[in-house]
Amino acid sequence: MVKRVESPSSINTFKQCKRKYYYSYIEKLPSVPNIHQVRGNMVHSVLENFYDVDTTGFTEENYPLKCKEIIQTLALHYWKQYEPKLKELHLSKDNEMFYFEESMLMIMNWVNHFIDDMRKVMEKHNISCQEAFNKLTPIREQKFMSEKHSIRGFIDAVHHIDDEVHIIDYKTNAQFEMKESIKLQLAIYSLLYEELHGKMPHKVGIFFLRNKLKIMNVDKELIQLAKREIELIHAHTSLTEQKKDYPRTITGLCKWSTGKCDYYDTCEPHSTT
Ligand code: SF4
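Going by our numbering, the letters in the sequence shown line up with residues 1 to 273, in that order.
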């Protein structure tokens with residue numbers, strides 16, 4: 001059987017519930033769109049495009065205000081662009097407004113951190129705000145593909161900070177812990193980066209948009225974790241694509257007070273068949 005191309009998200013799905021992996025990646029049943037996905041995509045678009053703005057009018061006095069104005073304009077623009085997808089969710093007006101305001105708060109939180117970083121970089125290197133902005137501009141939405149490990153990933157931001165490389169992912173999560181699934185995602189990014197560049201990144205982290213950046217050092221152990229999990233999934237998915245070999249893992253992630261697994265109705269986790 002041909003080796004499947006996996007991703008951090010497919011591996012984490014496999015680890016959470018093999019049946020869910022089967023429905024999503026083998027049977028390819030459509031997933032159910034939800035506000036968290038749509039909002040997450042919208043926020044990512046804003047942050048990705050923020051760095052393309054024209055900074056010629058920035059001065060030492062006005063750059064904090066300019067950054068805030070620009071990002072607010074971008075947020076409005078992308079919220080409008082995602083309107084057709086939002087309509088499909090049939091949210092009430094109040095609910096839609098709630099998610100818009102919450103997204104705006106996350107974006108403003110992020111830009112406040114960015115403004116703070118700009119100030120620090122300007123002071124440290126004694127440079128202009130345009131130079132600081134350029135220094136802080138990462139490589140964005142980079143696709144990494146490893147033939148050797150049969151794995152691919154999209155990295156939100158690769159920062160070159162002085163002599164260090166930092167890989168950052170943005171998350172809109174309500175919780176800010178570095179869960180095992182997040183650690184594995186970052187481990188896989190580190191492996192992909194190492195394979196392409198011949199050296200490990202120095203740090204990897206998550207910018208929790210409701211909170212702040214959380215970062216960790218990359219070491220050989222982290223790379224080994226990625227290799228081990230990648231081998232485990234290939235060992236299973238290269239052998240069989242039969243539904244019976246992808247058993248259900250029934251937990252609170254099947255159904256909770258405000259939602260359910262995308263495949264809950266197909267899977268019927270609480271039936272005995
Ligand atoms: S409903 Fe539960 S058991 Fe079924 S696929 Fe989803 S997570 Fe797995």
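Just so it is clear, CB atoms sit at the ideal spot from N, CA and C, and this is done for glycine as well. Computed from a predicted structure; not experimentally measured.
Quick check: is the beta carbon of residue 157 nearer than 9 Å to any beta carbon in chain B?
Given the protein chain composition of this structure (a single chain), no chain B is represented.
Residue 212, enclosing beta strand (DSSP E) - first and last residue
Judged by DSSP secondary structure, residue 212 falls outside any beta strand (DSSP E); it is assigned neither H nor E.
Could you tell me if the beta carbon of residue 76 falls within a distance shorter than 8 Å of some heavy atom in ligand 1?
Distance from the C-beta of residue 76 to the nearest heavy atom of ligand 1 is not below 8 Å.
Are the CB atoms of residue 210 and residue 172 nearer to each other than 9 Å?
Between residue 210 and residue 172, the C-beta gap is smaller than 9 Å, which places the two residues in contact.
Smallest Cα separation from residue 113: which of 234, 213, 268?
Residue 113 has its Cα closest to that of 213, out of 234, 213, 268.
Using 8 Å as the cut-off, classify the Cβ of residue 242 as near or not near the heavy atoms of ligand 1, replying yes or no.
Taking the Cβ of residue 242 as the reference point, every heavy atom of ligand 1 lies at 8 Å or farther away.
Beta-carbon proximity check, residue 42 vs residue 103, cutoff 9 Å:
Closer than 9 Å, so yes.
Examine ligand 1 and report whether any of its heavy atoms sits within less than 8 Å of the Cβ of residue 253.
Yes, the beta carbon of residue 253 sits closer than 8 Å to at least one heavy atom of ligand 1.
In DSSP terms, what residue 154 is bridged to:
Answer by DSSP bridge pairing, in chain order: 143.
Range covered by the alpha helix (DSSP H) that runs through residue 117
First-last of the alpha helix (DSSP H) with residue 117: 93-125.
Quick check: residue 6 and residue 151, are their CB atoms within less than 9 Å of each other?
Less than 9 Å separates the beta-carbon of residue 6 from that of residue 151.
For residue 138, count neighbouring C-beta atoms within 10 Å of its own C-beta (all shown protein chains included) and say buried if the count is 16 or more, exposed if not.
Result: buried.
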